[in-house]
Structures are given as C-alpha cells and as structure tokens.
Amino acid sequence: MNAPRPPEQDTEAVEAAMLKLARAAAATEVRTFTRPPPAPNPAPATELGWLISYPTEMALMYGEFALMGHHARLVGPEEAGKARLRINKQIYDEFDRPTIEAGAKQ
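My numbering numbers the first residue of the sequence shown as 92 and each following residue consecutively.
The structure is reproduced here in structure tokens:
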C-alpha cells in the first residue's frame, strides 16, 4: 500500500492552491495582469480602494508565482505550462468574460 503524499508533493493540491490564489487576486478587481487598465488614468491617487487592493493583489500573485515554481519542479516545465494555461482560462472565464463582451459591442 502506498502512503499518501504530503500536500506539498501532491501535484493536484498544488495546482488547486495556485487556482485559489489566482482567483483571490482576480477578485480584488484590480486585475493587473488579467486585463489592461482603463485609459487614460488607470490608478487615480484619490481612489483609496485601488491603493488597498493593488498591494493585496500583488501579494496574492507573488504567492501564486512561488507555487508555480514549486509545481514546475514537481511535474516538469511542460506540464506546469499546461496547468498554467488551464488556470488562466478558468480565471479569464470567471472574471473577464463581461469585459470582453462589452468591448466587442463597442
């Protein structure tokens, strides 16, 4: 009988954690890397919500990036790239679909 792997060695658990961090980062609604900022002034200094959410999003994304490196060491770069594409697609579908549809109607 095989003993269960610890969570940090379980590739599915690591990928699920990456998705949770990506989802949390996208939920801040800053979405720095998932869509372009609105023009002409993407970060007005008077918008307190942006000043709070941006560092939160970046902290979540740094955690996700650290997990990406760990995941690549576990499964290899090719499989890690496929996992990244799956995660990006899920985040895109969940958070950016209305943005894309609105842009298509303009």
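The C-beta atom is built at its ideal place from N, Cα and C for all residues, glycine as well.
Residue i in three-state terms, based on DSSP
i: A118; result: helix
i: N93; result: coil
i: K196; result: With a pLDDT of 49 at K196, under the threshold of 50, the modelled position of this residue cannot be trusted, and the question is left open.
i: D101; result: coil
i: G167; result: coil
Reference residue i, options the options, closest by Cα
i: H162; options: I182, A150, L151 and R175; result: R175
i: T102; options: A117, A118 and R164; result: R164
i: V166; options: A104, P95, A116 and A94; result: A104
i: A107; options: I178, P146 and E148; result: I178
i: E155; options: F186, K180, K111 and E185; result: K111
i: A150; options: T119, E99 and K180; result: T119
8 angstroms CB neighbourhood of residue i in its chain, flanking five on each side removed
i: M159; result: M109, A171 and R175
i: N93; result: none
Same chain only: Cβ atoms within 7 angstroms of residue i, ignoring 5 sequence neighbours per side
i: I182; result: A113, R114, A117 and T125
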